[in-house]
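Undergrad: Structure in structure tokens, see below.
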Amino acid sequence: MKNYTNVLFFLFVTISLGANELSWVDEQIEAIKTPRKGIIDKNIARLDSPFIFLNAKTKKVRTKRPTSYKTASSSGSSVKKDDANIITKGAIPNVYLDAIMNSSALIGGQWYKVNDFIKGYKILSIHSTSVILEKDNRKILLSTNSKNQTLKFKNK
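Next comes the structure, spelled out in structure tokens:
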């Protein structure tokens, strides 16, 4: 009989402690349920995005620099032409030089050879680091050369 009394006493103490635990949990839930004040949606709309995106499109860049062109004369002399407009990357939308391999150029994700047409421009020549396009006597130089030799890595 003493064992039954001890077991019943133990169960009673366990249940009463468990009930206290449950009442504490209920109090915490009630504290969380109360509506909290937050920021107004208009203020959120005015904030700038915290994410930084790199612009895929580049602006037209025109540089004036002296350029030498070889003439088709038999003397083989080169004529220096000042104020030549060389239009670099971004001159034609979505046309950029990715890579050059032998006599082919990867331009805008597609492979081209000499005398192929890209958006109305004819490929005149493919060199080891550049491609020359022409349309209506307007020449455009696409180049893989970069003046900036430093590599920049972005930590995430």
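Numbering (the numbering used here) for the sequence shown: -2 to 153.
Glycine included, each C-beta is placed from N, C-alpha and C at the ideal position.
Just so you know, these numbers come straight off a predicted model, no measurement behind them.
Label Ile115 either buried or exposed according to how many other C-beta atoms from any shown protein chain fall within 10 Å of its C-beta, with 16 as the threshold for buried.
TA: Its Cβ being crowded by 16 or more others within 10 Å, Ile115 is buried.
Undergrad: Pick out whichever of Phe48, Gly105, Asn112 has its Cα sitting closest to the Cα of Asn152.
TA: Phe48
Undergrad: Where does the unbroken alpha helix (DSSP H) through Asp38 begin, and where does it stop?
TA: 38 to 43
Undergrad: Tell me whether Asp23 sits in a helix, a strand or coil according to DSSP, three-state version.
TA: Helix at Asp23.
Undergrad: Look up Leu139 in the DSSP assignment and say whether it is helix, strand or coil.
TA: strand
Undergrad: Sort out for me which residues DSSP pairs Ile89 with in a bridge.
TA: None, per the DSSP bridge assignment.
Undergrad: Between Ala96 and the rest of its own chain, which residues show a CB-CB distance below 8 Å, the 5 nearest in sequence each way excluded?
TA: Ala102, Leu103, Thr141
Undergrad: Taking Cβ to Cβ, would you say Ile120 is nearer than 7 Å to Ser100?
TA: no
Undergrad: What residue does the beta strand (DSSP E) around Ile97 start on, and which one ends it?
TA: Where Ile97 is concerned, the enclosing beta strand (DSSP E) stretches over 94 to 98.
Undergrad: Exposed or buried, Tyr66, counting other C-beta atoms within 10 Å across all chains shown (16 or more means buried)?
TA: Here the model assigns Tyr66 a pLDDT of 42, short of 50, so the residue's position is not dependable and the matter cannot be decided.
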